[in-house]
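For reference, the structure is listed below as structure tokens.
Residue numbers (my numbering): 16 to 303.
Now the structure itself:
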């Protein structure tokens, strides 16, 4: 095989008969709410998981009022850093989706950021750790709990809502940057460990969406252009449909990537082994 020809055997083949059911974390507001509404609007059954029941039920009522989802939304309340609470919430969702085939798509959206836009020395270490714990332990606990059911059914898809901060150097928000890098490694790890068992994992960066979180960030104080949530929904729907399965383990960004562009450049991504967290060597003689 020539160096310029990708080994297409390493590209994950599309799955068959994955249920059109989705568990979305942090679905009570912001990006999670938008993703849940977008999935429901396209005929997905959705489960809304998060800490604040009132907000989750507001989103559930909005979905139900539109009449686009084939089933009533499931609401499950849990602190996602508490593994016991996560197990109980996932069990509730699995039971609700039992007749539909279980959970087909997991969207790890819930996340937080530091309270201050400063460097590590100026920041409060406890706040930095709070961010890392929420953004890493939460998705880890939910994914660990959802995976056994997916594996037993022959497969499923996991989408980690990530950020360019996991791949680029920034002078502030240390915990957030660390957590998104770790989340990217979780995505590549899931692909490596469970690709042959039918699991497809993706990093989806939503761009800069107008939310309560971004509104509170000084970096966006003068921003006038925002990434529409519809751009993330478009990519998420394509992932859920299996259109991007060949890119399992890799990164995509709403507002820059389109489904058509990603499909057209899949060969290039595989040739370059691009769009995933990895060590870049200096050349063929690099011992690494």
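All residues carry an ideal CB built from backbone N, CA and C; glycine is no exception.
Taking residue 152 as the centre and dropping the five residues before and after it, the same chain places the C-beta of 96 closer than 6 Å to its C-beta, in chain order. Per DSSP, the unbroken beta strand (DSSP E) holding residue 176 starts and ends at 171 to 176.
Put simply, the region 162 to 179 touches the region 210 to 224. At least three CB pairs are less than 8 Å apart. Counting along the chain, residue 267 sits inside the beta strand (DSSP E) bounded by residues 265 to 268. When C-alpha distances from residue 45 are compared across 124, 57, 27, the shortest belongs to 124. In the displayed model, residue 218 falls within a strand according to three-state DSSP.
Three or more beta-carbon pairs separated by less than 8 Å link the region 261 to 269 to the region 204 to 214, which places the two stretches in contact.
Restricting attention to 260, 30, 273, 86, the CA atom closest to the CA of residue 242 is found in 273. Taking a contact as a CB-CB distance under 8 Å, the pair residue 115 and residue 255 does not count as one, their CB atoms being some 14 Å apart. Shown here for residue 112: same chain residues with a beta carbon closer than 8 Å to its own, the five before and five after excluded, namely 34, 36, 60, 62, 89, 118 in chain order.
Cβ neighbours of residue 233 within its own chain (closer than 7 Å, five residues either side excluded): 132. The three-state reading of DSSP puts residue 120 in strand, counting E and B together.
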